[in-house]
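Beneath this line is the structure, given in structure tokens, with notes to follow.
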Amino acid sequence: MRHVALIVLLAFRAAQPAEWGQSVNGLRISLAVEADEVVVAFQNTAKNREMILPLGQILGGRGSPGLVQLHIVSPDGTRRRLRYTGGPGVMTGQILPYVVPMMAGSLYTVRTPLRYWRLGSDLKSIEEELARGAALQAGIEAGESLLWKFAQCYPVKIFWSGHAVSNIVRAPVKAP
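For the sequence shown, the residue numbers in my numbering are 1 to 176.
The following block contains the structure:
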């Protein structure tokens, strides 16, 4: 039984992101790139305060974290927003808010394939930029207007709002 507890503890510690951005209104973000996946972790840092984290919308039963942003940061400091091109596509169904209830201290992680993040209007792959030393940074921005948008579905007003960013990460680049 002790071995099982130790394995669970080690697995939990290994899943913890190494670095975090600054906490904003009780939320902090961490970014990692693992096995060709972008891993964005959110943590409720507020003591004794639950929150609902708005991430985007759910269409036809699948969630799209549209409020989560990913930027590529060039070595000279230039920041450009990436576009997420993957996911479920367009389907019929009811649109609902994609929200995550977060207890104090809790974590929530969103994983997306790195190859689905593209640059510019021509949706250029970011691998060349990463090979030239560019880095990645995640962020989330949710205005207080979201409270009114979600009021019909969720009558409580504990939605997180603000603009928070993660640590900056250099993604490993595969050799051609």
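Idealized CB from N, CA, C, for every residue including glycine.
Query                                                                                                                                                            : Result
Considering just the uninterrupted stretch of the alpha helix (DSSP H) at Leu130, what are its terminal residues?                                                : 127–131
Output needed for Ala5: all residues of its chain with C-beta closer than 6 Å, excluding positions within five of it in sequence on either side, in chain order. : Caution is warranted here: a pLDDT of 38 is assigned to Ala5, below 50, making its placement in the model unreliable, and the coordinate value is therefore given only provisionally. Result list for Ala5: empty, nothing under 6 Å.
Determine the DSSP secondary structure at Arg80, reduced to helix, strand or coil.                                                                               : strand
Can you grab the Cα-Cα spacing for the pair Phe12 / Arg118, in whole Å?                                                                                          : Confidence in Phe12 is poor, its pLDDT being 39 and thus under 50, which makes the residue's placement too unreliable to answer from.
Quick one: residues in its chain with C-beta nearer than 6 Å to the C-beta of Asp122, no 5 flanking neighbours on either side, listed in chain order?            : none
Hey, would you say Glu37 sits closer than 8 Å to Leu130, going by beta carbons?                                                                                  : no
Where does the unbroken beta strand (DSSP E) through Thr45 begin, and where does it stop?                                                                        : First-last for Thr45: undefined, no H or E at that position.
According to DSSP, which residues form a beta bridge with Leu70?                                                                                                 : Ala138
Between Leu27 and Asn44, how many whole angstroms is the CB-CB distance? I'm expecting something under 8 Å.                                                      : 6 Å
In the DSSP assignment, find the unbroken beta strand (DSSP E) run with Pro113 in it and report its ends.                                                        : 107–113
Could you round the C-beta distance between Leu70 and Ala138 to whole angstroms and report it? I think they count as a contact, below 8 Å.                       : 5 Å
Opposite Tyr98 in the DSSP bridges: which residues?                                                                                                              : Gly56
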